[in-house]
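Below is one structure, written out as structure tokens; comments come after it.
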Amino acid sequence: MRGVRWRGSGRRQRDEEFTAFVAATAPRLRRTAYLMCGDWHLAQDLTQTALARIYASWARVQRSDNLDAYTRRVLMNAIFDQRKRRSSGEVVLAELPEPVANHPEAAAELHVTLMGVLATLPVRDQAIVVLRYWEDHSVETVADILGVSASVVKTQSARALTRLRAALGEEFART
Amino acid sequence: MDQNLRVLFDRALSGEPLPPPGDLAQEAMAGGRRLRRRRHLALGGAAAVVTALAAVVAVNAVPAGQSTSTVMALSSGARCAQIEAAGTDIVLFLDLDVTDEQRADLDQALRTDPRVRQVWYQSKDAAYARFKEMYRDAPDLVAAVQLDQIPEEFRVRLAQPEGRLALQEELQARPGVSTVVGARCALPGETE
């Protein structure tokens with residue numbers, strides 16, 4: 001169990017480094033969390049939970065080559081945990097919103113539709129879409145973050161995009 | 001599509017409120033320290049039970065008679081620390097289907113061996129009772145292990161530590177013996 005105890009001498013430096021890390025990453029983590037849950041308060045809590053978990057292993061992970069992907073993984077796991085707890089007490093609305101083509105006046109609110117459709121996808125597919133198309137990570141990085149194969153990321157993102165297209169309407173798909 | 005998706009995501013984020021007051025880094029560090037303390041405690045306390053539960057899974061997965069090694073760890077573990085390098089005790093777990101004759105022969109051999117100072121025998125019933133006592137906080141575990149899965153055992157204190165490994169090997173080869181381990185045991189009458 002190397003690294004279980006932190007030596008007092010290095011603690012101040014460690015905390016300074018962690019504080020800098022939080023300043024650099026928290027805003028983006030919070031946005032990613034918001035896209036996953038659609039609630040800014042919850043996004044803040046999830047970000048804090050993820051950062052606490054990262055701090056608990058900071059000595060080990062701070063030198064990691066892949067701190068960025070690791071951070072996303074911890075955040076996504078915090079989101080998955082939260083979703084599991086929530087789903088035991090809640091009915092999930094699986095119905096898709098109607099395509100906006102039928103509601104031209106709503107076209108300006110496409111992003112609302114997007115968030116609505118996203119929320120109907122399985123949580124892992126939501127994560128794939130957000131990591132891939134908002135965070136702009138490669139297929140390989142997304143696979144690494146979520147602990148699945150690259151082919152799963154490809155097939156699931158294709159399927160998710162199809163559903164998003166269907167809900168967002170032809171107009172959107174062509175542009 | 002991808003490009004548009006990004007634009008839409010950015011638009012969805014446009015209502016972003018200011019972060020709540022309070023130092024996120026400080027709060028995360030406080031939370032992280034709590035996690036470490038909890039993890040630390042869990043390492044000490046729960047590890048034994050987790051190991052035991054894993055062993056029970058193994059016990060249930062193999063036919064009775066071939067799984068003594070897992071159950072013996074359960075019935076004996078708490079009072080004997082397994083030792084490979086040094087130690088003056090040996091624990092012999094007997095086969096689950098050991099015959100009376102094999103048991104008597106072993107007993108005789110151990111008691112007449114000059115390298116052995118003392119011998120204790122623990123029956124199936126006694127081992128099972130102790131197992132239940134040790135794991136009374138884990139009723140699922142106790143329910144999963146039956147009396148007939150618990151091996152009898154001999155505990156042997158050597159006259160001197162030298163030659164323990166050689167004796168272990170000899171004993172391992174005897175009929176009726178399932179497994180022999182070097183150990184340091186709290187023997188009856190000693191404080192643990």
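These protein sequences, in sequence, are chains U and A. Heads up: the first sequence is residues 1 to 175, going by the UniProt record's numbering. Heads up: the second sequence is residues 1 to 192, going by the UniProt record's numbering. All residues carry an ideal CB built from backbone N, CA and C; glycine is no exception. Please read these numbers as outputs of a predicted model, since none were measured by experiment.
query, result
"By how many angstroms is the C-alpha of P151 (chain A) removed from the C-alpha of R39 (chain A)?", "34 Å"
"Just grab the DSSP bridge partners of Y121 (chain A) for me.", "A:F154"
"Kindly indicate which three-state DSSP category G32 (chain A) falls into: helix, strand or coil?", "helix"
"Going by DSSP, what residue range makes up the beta strand (DSSP E) through E46 (chain U)?", "Per the sequence shown, the amino acid found at residue 46 (chain U) is Leu instead of Glu. No beta strand (DSSP E) holds L46 (chain U); the alpha helix (DSSP H) holding it covers 40 to 56."
"Does any C-beta atom of chain U lie closer than 8 Å to the C-beta of P17 (chain A)?", "yes"
"If the cut is a Cβ gap below 7 Å, which residues of chain A does V139 (chain U) touch?", "Neighbours of V139 (chain U) on chain A: none; closest Cβ ~12 Å, over 7 Å."
"Output yes or no for whether 8 Å exceeds the beta carbon distance between R111 (chain A) and V98 (chain A).", "no"
"According to DSSP, what are the bridge partners of D140 (chain A)?", "The partner list for D140 (chain A) (beta bridge, DSSP) is empty, contrary to what the question assumes."
"State the DSSP-derived secondary structure class of V22 (chain U), mapped to helix, strand or coil.", "helix"
"Scan the segment 113 to 125 of chain U for residues whose Cβ lies nearer than 8 Å to a Cβ of chain A and list them as they occur along the chain.", "L114, M115"
"Please confirm whether L92 (chain A) and L171 (chain A) have their CB atoms less than 8 Å apart.", "yes"
"From the DSSP output, in three-state form, read off T99 (chain A) for me.", "coil"
"Would D15 (chain U) count as contacting chain A if we go by Cβ distances under 8 Å?", "yes"
"Tell me whether L92 (chain A) sits in a helix, a strand or coil according to DSSP, three-state version.", "strand"
"What is the DSSP secondary structure of G182 (chain A), reduced to helix, strand or coil?", "strand"
"Of the residues that make up the segment 20 to 38 of chain A, which ones have a beta carbon closer than 7 Å to any beta carbon in chain U?", "P20, L24, A25, E27, A28, M29, G31, G32, L35, R36"
"Quick check: the segment 116 to 127 of chain U against the segment 31 to 50 of chain U, are there 3 or more CB pairs under 8 Å?", "yes"
"Go ahead and pull the three-state DSSP assignment for V116 (chain A).", "strand"
"Among the candidates U:R53, U:R72, U:L168, U:A158, whose CA atom is the shortest distance from the CA of V112 (chain U)?", "U:L168"
"Closer than 8 Å, CB to CB, is Y70 (chain U) near chain A or not?", "no"
"For residue 197 (chain A), collect the residues of the same chain with a Cβ closer than 8 Å to its Cβ; drop the 5 residues on either side in sequence, then sort them by chain order.", "For residue 197 (chain A) there is no data in the structure shown, the boundaries of chain A being 1 and 192."
"Looking at C-alpha atoms only, which residue of U:Y34, U:Q13, U:Q126, U:I54 is the closest neighbour of D10 (chain A)?", "U:Y34"
"For A109 (chain A), which of A:R37, A:L13, A:G176 has the nearest alpha-carbon?", "A:G176"
"Exposed or buried, Q156 (chain U), counting other C-beta atoms within 10 Å across all chains shown (16 or more means buried)?", "buried"
"Got a sec? Which residues, its chain only, sit under 8 Å from I128 (chain U) by beta carbon, not counting five neighbours each side?", "V142, L146, V153, Q156, S157, A160"
"Suppose the cutoff is 6 Å on Cβ atoms and the five residues either side in sequence are ignored; what does the same chain contact list for L164 (chain U) look like?", "V117"
"Per DSSP, which residues does V142 (chain U) bridge with? Please list them.", "According to DSSP, V142 (chain U) bridges with nothing at all."
"In or out: A20 (chain U) buried (at least 16 other Cβ within 10 Å) or exposed?", "exposed"
"What in chain U is Cβ-close to A12 (chain A), meaning under 7 Å?", "L35, H111, L114, M115"
"Thinking just about the alpha-carbon of each residue, which of A:T179, A:D125, A:L5 is nearest to the one in D148 (chain A)?", "A:D125"
"Do you know offhand how far R30 (chain U)'s Cα is from R36 (chain A)'s?", "24 Å"
"Can you tell which of U:D144, U:N66, U:E109, U:L121 has its C-alpha closest to the C-alpha of A12 (chain A)?", "U:E109"
"Does V112 (chain U) come out as helix, strand or coil in the three-state DSSP assignment?", "helix"
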